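**Q**
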Amino acid sequence: MTTTFPDVSISTDRLVLRPFEEADAAAFAEMMNDELVTAWTSAPHPCTRADAHRWATRGAHAERTEGRGIVFAVAEFLTQRLVGAVHLQGTDWRTRTTEVGYVTAPWARGEGYASESVLAVAHWLFRDQHFERLELRTAADNTAAQQVAQKIGCISEGVLRNAWIVRTQTADGQWTEVRTDLIVWSLVPEDLDDLDELDGYHGHPAEAGGYAVSTHWN
Numbered sequence: 000m001t002t003t004f005p006d007v008s009i010s011t012d013r014l015v016l017r018p019f020e021e022a023d024a025a026a027f028a029e030m031m032n033d034e035l036v037t038a039w040t041s042a043p044h045p046c047t048r049a050d051a052h053r054w055a056t057r058g059a060h061a062e063r064t065e066g067r068g069i070v071f072a073v074a075e076f077l078t079q080r081l082v083g084a085v086h087l088q089g090t091d092w093r094t095r096t097t098e099v100g101y102v103t104a105p106w107a108r109g110e111g112y113a114s115e116s117v118l119a120v121a122h123w124l125f126r127d128q129h130f131e132r133l134e135l136r137t138a139a140d141n142t143a144a145q146q147v148a149q150k151i152g153c154i155s156e157g158v159l160r161n162a163w164i165v166r167t168q169t170a171d172g173q174w175t176e177v178r179t180d181l182i183v184w185s186l187v188p189e190d191l192d193d194l195d196e197l198d199g200y201h202g203h204p205a206e207a208g209g210y211a212v213s214t215h216w217n
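With numbering that gives the first Met the number 0 applied, the sequence shown covers 0 to 217.
#1: Quick one: what's got a C-beta closer than 6 angstroms to Pro18's C-beta in the same chain, skipping five residues either side?
#2: Using the Cα positions of Gln79 and His52, report the straight-line distance between them to the nearest angstrom.
#3: Let me make sure I understand the geometry here. Which of Asp91, Ser116, Thr56 has the alpha-carbon closest to that of Phe76?
#4: DSSP on Arg95, reduced to helix/strand/coil?
#5: Over what stretch of residues does the beta strand (DSSP E) that includes Val186 continue unbroken?
#6: One question on the structure: do Leu81 and Ala138 come within less than 8 angstroms of each other, judged by their Cβ atoms?
#7: Any beta carbon of chain B sitting closer than 8 angstroms to that of Ala121?
#8: Between which residues of its own chain and Gly186 is the CB-CB distance below 6 angstroms, once the five residues before and five after are set aside?
#9: Using the C-alpha atoms, what's the distance from Arg48 back to Arg178?
#10: Can you tell me the Cα-Cα spacing of His60 and Thr175, whole angstroms?
#11: Give me the Cα-Cα distance between Arg166 and Gly68, rounded to the nearest whole angstrom.
#12: Which complete alpha helix (DSSP H) runs does the segment 41-68 hold, if anything under 4 residues is left out?
#13: Check this for me: beta carbons of Thr11 and Thr64, under 8 angstroms apart or not?
#14: Closest to Gln168 by CA distance: which of Trp39, Val102, Val99, Ala26 is it?
#15: Can you tell me which of the three DSSP states His122 falls into?
#16: Between which two residues does the alpha helix (DSSP H) containing Glu134 stretch?
#17: Looking only at its chain, what residues have a beta carbon closer than 6 angstroms to the beta carbon of Met31, apart from the 5 residues adjacent to it on each side?
#18: Less than 8 angstroms between the CB atoms is what I'm expecting for Asp50 and Ala22, so what's the real figure, rounded?
#19: In the DSSP assignment, find the alpha helix (DSSP H) that holds Trp106 and state where it starts and stops.
#20: Kindly indicate which three-state DSSP category Arg20 falls into: helix, strand or coil?
#21: For Thr37, which residues in the same chain have their Cβ closer than 7 angstroms to its Cβ, ignoring the five residues on either side in sequence?
What follows is the structure in structure tokens.
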């Protein structure tokens, strides 16, 4: 049984989803220190340059090689500027299921990059890797993450009560942790059957709305 994802890049019309590189460390640290990322994720705060360097050079790659999932750095196709990250985690290789998380740099929000990148990963996961379920979990008040889930066709399955910890900023600028509910969303292959992105994909460069995959040979 396969227990690791292949080392690949995924291209869309506007984006390249690829492995993290050492050169991403500075932009990644800046992104992870954004207030919304601090509030809604469990990432260390503050995220130092050393933290970001370790993630870009070792941590992100270990997620794949050790079988937990795969991490994609998301960059603009034309500028190569880092716009975010998509992380498949908690992968169950027997049931072919995994969970997705995603973050977007503050300057890149409002452009549809999160939904475009997550949808491309979902297509690759179902079509190429033959997975059967992709799960998302969003904090109850994280409306932006919920909008991404809805936009890519996820189904809301229910609420995990008091299941997560988020951060909120106090009047003096300090961060404190509070508990929250999680909304569970899912995608299965049938949910994508009617989307144009699946039509005509044969591993060639993407046409309008599509995606393409390339493999990194070590």
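Using N, Cα and C, we set each Cβ at its ideal position, and we do this for glycine too. Model, not experiment: these values are computed from the prediction.
**A** According to the data block:
#1: none
#2: 18 angstroms
#3: Ser116
#4: coil
#5: According to the sequence as given, residue 186 is Leu; it is not Val. Counting along the chain, the beta strand (DSSP E) containing Leu186 begins and ends at 174-186.
#6: no
#7: Structure shown: chain B not included; a single protein chain is present.
#8: Here residue 186 turns out to be Leu, not Gly, going by the sequence shown. Excluding sequence neighbours, Leu186 sits near Ala121, Leu133, Cys153.
#9: 28 angstroms
#10: 31 angstroms
#11: 25 angstroms
#12: 48-53, 59-64
#13: no
#14: Trp39
#15: helix
#16: Careful: Glu134 lies outside any alpha helix (DSSP H), inside the beta strand (DSSP E) at 132-138.
#17: Ala42, Cys46
#18: Not a contact, Cβ separation roughly 16 angstroms.
#19: First-last for Trp106: undefined, no H or E at that position.
#20: Correcting the residue type first, residue 20 is Glu in the shown sequence and not Arg. Glu20: coil per DSSP, three-state reduction.
#21: His44, Arg166, Trp174
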